[in-house]
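Chains as they are written, first to last, in the working numbering: chain P, 60 to 524; chain C, 60 to 524. Glycine included, every Cβ here is placed at the ideal spot set by N, Cα and C. Keep in mind it's a predicted model, so treat the numbers as computed, not measured. Here's the structure, in structure tokens; my notes come after.
Number of protein chains: 2
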Amino acid sequence: MEKINTYIDQNKNRFLEELFALLRIPSISADSKYKKDVLSAAEYLKHHFQEIGMENAEVCETPGNPVVYADKIIDKNLPTVLVYGHYDVQPATPLDQWESDPFDPVIRKTDIHPQGAIFARGACDDKGQMFMHVKALETMLHTQSLPCNVKVIVEGEEEVGSVNLSWFVQRHLEKLQNDVILISDTSMIAKDIPSITTGLRGLSYMEIEVTGPNHDLHSGVYGGAVANPINVLAKLIASLQDKDNRITIPGFYDRVKEFSTAERQKMAAVPFDEQAYKKSLGIAEVQGEKGYTTRERASIRPTLDVNGIWGGYIEEGAKTVLPSKAYAKISMRLVPDQDWKEISELFKKHFEDIAPKSVEVKVTTHHGGEPYVTPIDGVAFQAASKAMEETFGKKPLPQFSGGSIPIVALFERELKSKVVLMGFGLNSDDIHSPNENYGVWNFFKGIETIPAFYKHFATLTKEEQ
Amino acid sequence: MEKINTYIDQNKNRFLEELFALLRIPSISADSKYKKDVLSAAEYLKHHFQEIGMENAEVCETPGNPVVYADKIIDKNLPTVLVYGHYDVQPATPLDQWESDPFDPVIRKTDIHPQGAIFARGACDDKGQMFMHVKALETMLHTQSLPCNVKVIVEGEEEVGSVNLSWFVQRHLEKLQNDVILISDTSMIAKDIPSITTGLRGLSYMEIEVTGPNHDLHSGVYGGAVANPINVLAKLIASLQDKDNRITIPGFYDRVKEFSTAERQKMAAVPFDEQAYKKSLGIAEVQGEKGYTTRERASIRPTLDVNGIWGGYIEEGAKTVLPSKAYAKISMRLVPDQDWKEISELFKKHFEDIAPKSVEVKVTTHHGGEPYVTPIDGVAFQAASKAMEETFGKKPLPQFSGGSIPIVALFERELKSKVVLMGFGLNSDDIHSPNENYGVWNFFKGIETIPAFYKHFATLTKEEQ
Numbered sequence: 060m061e062k063i064n065t066y067i068d069q070n071k072n073r074f075l076e077e078l079f080a081l082l083r084i085p086s087i088s089a090d091s092k093y094k095k096d097v098l099s100a101a102e103y104l105k106h107h108f109q110e111i112g113m114e115n116a117e118v119c120e121t122p123g124n125p126v127v128y129a130d131k132i133i134d135k136n137l138p139t140v141l142v143y144g145h146y147d148v149q150p151a152t153p154l155d156q157w158e159s160d161p162f163d164p165v166i167r168k169t170d171i172h173p174q175g176a177i178f179a180r181g182a183c184d185d186k187g188q189m190f191m192h193v194k195a196l197e198t199m200l201h202t203q204s205l206p207c208n209v210k211v212i213v214e215g216e217e218e219v220g221s222v223n224l225s226w227f228v229q230r231h232l233e234k235l236q237n238d239v240i241l242i243s244d245t246s247m248i249a250k251d252i253p254s255i256t257t258g259l260r261g262l263s264y265m266e267i268e269v270t271g272p273n274h275d276l277h278s279g280v281y282g283g284a285v286a287n288p289i290n291v292l293a294k295l296i297a298s299l300q301d302k303d304n305r306i307t308i309p310g311f312y313d314r315v316k317e318f319s320t321a322e323r324q325k326m327a328a329v330p331f332d333e334q335a336y337k338k339s340l341g342i343a344e345v346q347g348e349k350g351y352t353t354r355e356r357a358s359i360r361p362t363l364d365v366n367g368i369w370g371g372y373i374e375e376g377a378k379t380v381l382p383s384k385a386y387a388k389i390s391m392r393l394v395p396d397q398d399w400k401e402i403s404e405l406f407k408k409h410f411e412d413i414a415p416k417s418v419e420v421k422v423t424t425h426h427g428g429e430p431y432v433t434p435i436d437g438v439a440f441q442a443a444s445k446a447m448e449e450t451f452g453k454k455p456l457p458q459f460s461g462g463s464i465p466i467v468a469l470f471e472r473e474l475k476s477k478v479v480l481m482g483f484g485l486n487s488d489d490i491h492s493p494n495e496n497y498g499v500w501n502f503f504k505g506i507e508t509i510p511a512f513y514k515h516f517a518t519l520t521k522e523e524q
Numbered sequence: 060m061e062k063i064n065t066y067i068d069q070n071k072n073r074f075l076e077e078l079f080a081l082l083r084i085p086s087i088s089a090d091s092k093y094k095k096d097v098l099s100a101a102e103y104l105k106h107h108f109q110e111i112g113m114e115n116a117e118v119c120e121t122p123g124n125p126v127v128y129a130d131k132i133i134d135k136n137l138p139t140v141l142v143y144g145h146y147d148v149q150p151a152t153p154l155d156q157w158e159s160d161p162f163d164p165v166i167r168k169t170d171i172h173p174q175g176a177i178f179a180r181g182a183c184d185d186k187g188q189m190f191m192h193v194k195a196l197e198t199m200l201h202t203q204s205l206p207c208n209v210k211v212i213v214e215g216e217e218e219v220g221s222v223n224l225s226w227f228v229q230r231h232l233e234k235l236q237n238d239v240i241l242i243s244d245t246s247m248i249a250k251d252i253p254s255i256t257t258g259l260r261g262l263s264y265m266e267i268e269v270t271g272p273n274h275d276l277h278s279g280v281y282g283g284a285v286a287n288p289i290n291v292l293a294k295l296i297a298s299l300q301d302k303d304n305r306i307t308i309p310g311f312y313d314r315v316k317e318f319s320t321a322e323r324q325k326m327a328a329v330p331f332d333e334q335a336y337k338k339s340l341g342i343a344e345v346q347g348e349k350g351y352t353t354r355e356r357a358s359i360r361p362t363l364d365v366n367g368i369w370g371g372y373i374e375e376g377a378k379t380v381l382p383s384k385a386y387a388k389i390s391m392r393l394v395p396d397q398d399w400k401e402i403s404e405l406f407k408k409h410f411e412d413i414a415p416k417s418v419e420v421k422v423t424t425h426h427g428g429e430p431y432v433t434p435i436d437g438v439a440f441q442a443a444s445k446a447m448e449e450t451f452g453k454k455p456l457p458q459f460s461g462g463s464i465p466i467v468a469l470f471e472r473e474l475k476s477k478v479v480l481m482g483f484g485l486n487s488d489d490i491h492s493p494n495e496n497y498g499v500w501n502f503f504k505g506i507e508t509i510p511a512f513y514k515h516f517a518t519l520t521k522e523e524q
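Here it is, written out as structure tokens:
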């Protein structure tokens, strides 16, 4: 580890500069006008893999954005780690809430990061966390300390539901064979409370169009006599949750796994300061499903959030219009053992059922992903746990995360190997939000911890054989 | 009348060309980036009044958009007609629903207008209808047939609630003294069913901002535990109307005038084809307050319509955001004897009362106007009735309109004279909507009828003395 830490120390500034170059590329996958930037980010990574000594670096075509692949096979008898990450980022809107340009990374000190944090879209999710692996691999290759084989795939559609990753994986099953899949796209409980994510929520993302009259009308001439699609949409959305904030879609909770009192008590033992939580968000009260704590609501319970809504006149001033159409984007976070395709169907059917005859509704599914729980008794989890214990000086806690990484379930199904979610972010990193940032300390802690994972994984695998 | 009709016939094309020049100016009052165009429209009118022989033409300053004034006093012992109109127009959005450029007027034939209709923003509301008065005045001046004095005011803020007209009127009470106020900014029942508007709904236009967390959040990390301002806004809006589509704001109906069965039967006798109404709007069902007909819902009953709503991610694709803010523009149409300021206060108080502690709501009043009922037994109404009977060949029907002209009540209060709402539009003119249009037939029928009004008003006033 001495050699490794020395190499990291000597190259800190260059590592940051290389990450910054990647962060400057606005590779937003949700908006097709950034297609060229998405491709630039893929090319940048491919060249970078070649530079650090990885082999077979390639920008692999898919029906959508390409997947960047690279590997280093040192001995076919040794185990193989498959690293997964993504180079695409969320849209940066609303731009006026950013304190600096989302695509011009800067380091600023914050209360949580007195040594500085990198502010940029993708700083944490996932360019920053993915790039830790690239730099850890460079470090191991340069110090001749890579103890097993490695394959890396970096995709460009994670933020839009990894729509073509299944296509890619199914066509490269042989090439992607591995013994463990390592992903850094999650967060820890705190800088001094390392943790490994052992559960992820699934996702079902829907879009709704409500049509009333066939054209925009004068709200004085027609108001009161013709259904207003915005009023109707508000009523439909409101009816999706009852007064206890439980979701009213028939069958929605049928497969939801209820945790035992013992399990819930164990989760409740993890430190959590609700006053500090409310203060950091500027809210007077939390709000969620009756009978569950804030932590439970954000991890082991399903949700229904409107992610966007629009209709009618939304510019400056006033317009007395009764609009023809209203729209909403609605997503549900799912928990074991809900099935995202089934939930999407239940949502669609229910929404169509409750719509009044005075309007037409169109419900479409954007994308989704299955919820996931990872085992904590295998070699993979043990290797991650030992690695973090070594670099953080304390054993990491297992934790359920509220977010979704749709491909985790896919990997297990198609590649028959276990996934380790060893993330170094913090919930306060504001991923998907304005002023996304990633601690410089966290970035280098990740680069230091990843080689320790490889070492322990190689050793534990050998012991097991 | 012979001379008048000959003059109109000989100048038809020029009248249209002059209107088109005015329609080409995008004088949108709701959006400050059109301020220059608003001023251009005012200047165009001032010069036009000078050209046709009106006197004292002036662009009068106000704290907002100016009022154009002109007059022609032929004899101080004769009665004076005050004409009111507006040169500002509604925004043209959504632009993609227009079949031709909203600010490049064209004449196209339609089922309702086989002789052609003028398609442009403001074609009917109110540039087209206001310009009929300008051309009728030109005709009377040129044919030496103006039988009384005339004053004209054309304002530039009607579409944003005439916010400064009260300021202007109060400062020019002497100058604006008159015996009747004539306005063409309403519609008739049909081309073959002339009508005069005797009732107008009032308006209260509110804007709402709901704030949840102090910045946009990741809906996976926080979803379920933190109130989503869009979900909350939907619930609040939904709760404003009950299952019978009655408005739930306490006190809202307290001053609403209930019409007698006899009055309702009389209104119901006016021809109305609900099947054709639904077909023209492309809706399967009408929807409105239980216990009232479609015509009643759109005229003698108050309403609550969301005119605009927005929040979160509203671009292409998907973003899993739990937004910080959500917004809505909500307007209520009011009926006698509701008071718009009282209703705005009741709305604000109720909305703040029902908001949960997990969010903050900010409710602001955009503007409003009082509902209005005009008498049908005075000289003013009789003169309009006789004028229409003369040019349409049948007696016009009195009718309640669903729209609002906020200044009507103000005029009566400040200037102590009666208002006549003699409009020549049709409900199918799509004012405030894409493809606004105004029948060429209606435009010239108005120019022909207005001089008849002056003639009958002068005669009836003399008889009364």
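The C-beta of residue 307 of chain P comes no closer than 8 Å to any C-beta of chain C.
Residue C/364 holds the alpha-carbon nearest to the alpha-carbon of residue 381 of chain P among C/364, C/385, C/375 and C/374. With its beta carbon at least 8 Å from every one in chain P, residue 188 of chain C lies outside the interface. Take residue 504 of chain P, set aside five residues on each side of it, and the residues of its chain with a beta-carbon closer than 8 Å to its own are 450, 451 and 483, in chain order.
The beta carbon of residue 256 of chain C sits closer than 7 Å to those of 245, 458, 460, 480 and 482, all from its chain and outside the five residues before and after it, given in chain order.
Annotated as proximal: residue 418 of chain P and residue 271 of chain P, with beta-carbon spacing under 8 Å. Between residue 104 of chain P and residue 213 of chain P, the gap from beta carbon to beta carbon is short of 8 Å.
As DSSP reads the structure, residue 369 of chain P sits in a beta bridge with P/386 and C/369. Of all alpha-carbon atoms in P/210, P/93, P/70 and P/371, the one lying nearest the alpha-carbon of residue 127 of chain P is that of P/210.
Look at the region 198 to 222 of chain C and you find these whole runs of beta strand (DSSP E), each 3 residues long or longer: 208 to 214. Collapsing the DSSP output to three states places residue 398 of chain C in coil. Residue 369 of chain P reaches chain C at 367, 368, 369, 370, 371 and 373, counting residues in chain order whose Cβ is nearer than 9 Å. Assigned with DSSP and collapsed to three states, residue 178 of chain P falls in strand. Apart from sequence neighbours up to five positions away, no residue of its chain approaches residue 76 of chain C with a beta-carbon distance below 8 Å.
Judged by beta-carbon spacing, residue 261 of chain P lies beyond the 8 Å limit of residue 432 of chain P, meaning their Cβ atoms are not closer than that value. Across the set C/508, C/171, C/487 and C/269, the C-alpha of C/269 shows the shortest separation from the C-alpha of residue 420 of chain C. Counting the other Cβ atoms within 10 Å of the Cβ of residue 113 of chain C gives 16 or more, which makes it buried.
As the crow flies, the alpha-carbon of residue 487 of chain C is around 33 Å from that of residue 227 of chain C. Listed along the chain, the chain C residues whose CB falls inside 7 Å of the CB of residue 508 of chain P amount to none; the nearest CB is some 22 Å away. Neighbourhood of residue 274 of chain P in chain C, by CB distance below 9 Å: 156, 340, 341, 489, 492, 493 and 494, in chain order.
According to the DSSP assignment, residue 115 of chain P belongs to the beta strand (DSSP E) that extends over 114 to 119. In terms of Cβ geometry, residue 217 of chain C and residue 185 of chain C form a close pair [threshold 8 Å]. Looking at the DSSP output, residue 270 of chain P shares a beta bridge with P/384 and P/419.
No Cβ of chain P is located within less than 8 Å of the beta carbon of residue 429 of chain C. Between residue 289 of chain C and residue 370 of chain C the beta-carbon gap is near 5 Å, inside 8 Å, which marks them as a contact. Neighbourhood of residue 277 of chain C in chain P, by CB distance below 7 Å: 462, 490, 491 and 492, in chain order. Interface annotation, residue 287 of chain P: in contact with chain C, CB-CB separation under 8 Å. Judged by beta-carbon spacing, residue 492 of chain C lies within the 8 Å limit of residue 276 of chain P, meaning their Cβ atoms are closer than that value. Not a single CB atom of chain C sits nearer than 8 Å to the CB of residue 66 of chain P.
Any Cβ of chain P closer than 8 Å to the Cβ of residue 346 of chain C would place that residue at the interface, and such an atom is present. Close to residue 243 of chain P, with beta-carbon spacing below 8 Å, lies no residue of chain C; the smallest spacing is near 16 Å. Within the region 305 to 358 of chain P, no complete beta strand (DSSP E) segment of 3 residues or longer occurs.
A distance below 8 Å between beta-carbons, with the five flanking residues on each side excluded, links residue 122 of chain C to the following residues of its chain, in chain order: 223 and 226.
Taking 8 Å as the threshold, the shortest C-beta distance from residue 362 of chain C to chain P falls below it. Beta bridge pairing from DSSP links residue 261 of chain C with C/393. In the three-state DSSP reduction, residue 444 of chain C falls in the helix class (H, G or I).
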